[in-house]
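Worksheet: one structure, shown below.
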Amino acid sequence: MDNQVQIKTNCNSDANNAWNQLQNFSIPHKYIPFLQNTMILNNKSNGIGTSRRVFTKYTYTDETVIEWDEGSGYTIKLHRNNQQPFPFTSATFTYKIIPIDKHSCELIGTFKYNLPFGIIGRIVNQLLLSIIIRYNIRRVIMGMKSYYEE
């Protein structure tokens with residue numbers, strides 16, 4: 075993947091508690107402010123191959139786990155049915171939890187993506203898209219922090 079945005083923050087929750095929340099694949103709408111609902115798309119509740127659909131006010135995105143690191147995080151592929159969500163040619167998001175001490179952890183969100191249109195796509199990314207993506211990834215991680223610290 076050519077482009078990457080990563081946001082990190084410390085969380086006043088132990089890593090096990092944070093993991094117990096993160097591995098619940100059915101609740102991202104509780105901590106991601108722009109999500110309205112979540113629907114599990116298959117019979118798996120966690121692990122590689124687990125798939126969910128997350129809904130915003132106007133649209134949805136499907137997310138399928140492609141990497142699972144028990145106790146510390148996972149990577150999801152973003153798609154809509156069998157296609158990539160516009161404007162991406164590929165997109166993944168990695169959630170990571172790193173213990174700091176017995177009462178806190180670091181939350182890391184990494185969005186990796188490719189865009190079409192060659193040089194035009196790179197210019198649009200630099201001038202606008204990467205700023206919007208960084209803002210939204212920050213909202214995800216800060217929402218997780220707030221939810222996990224409750």
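With the sequence shown counted from 1, adding 74 to any position gets you the working numbering.
The beta carbon of each residue, even a glycine, is placed where N, CA and C say it ideally should be.
This structure is a prediction, so every number in the text was calculated from the model and none was measured.
Rounded straight-line distance, which links the Cα of residue j to that of residue i
i    : j    : result
L202 : F162 : 14 Å
T184 : T168 : 5 Å
N188 : R154 : 16 Å
Y105 : L96  : 10 Å
C85  : Y222 : 8 Å
I172 : S146 : 7 Å
Q80  : S87  : 20 Å
G192 : A165 : 16 Å
P159 : K151 : 10 Å
Collapsed DSSP secondary structure at residue i in the structure displayed
i    : result
E144 : coil
I206 : helix
I193 : helix
Y222 : helix
N98  : coil
I174 : strand
Q200 : helix
G123 : coil
N117 : coil
N77  : strand
N86  : coil
I182 : strand
Residue from the options whose Cα sits closest to the Cα of residue i
i    : options                   : result
T124 : T130, D136 and Q157       : D136
T130 : F108, I171, I215 and R213 : F108
Q110 : T133, I193, K186 and V79  : T133
A89  : E141, I174, Y148 and W142 : I174
E144 : A92, T112 and V198        : A92
Bridge partners - residue i, DSSP secondary structure assignment
i    : result
T112 : V128
R154 : Q157
V139 : I150
N91  : DSSP output for N91 lists no bridge partner at all.
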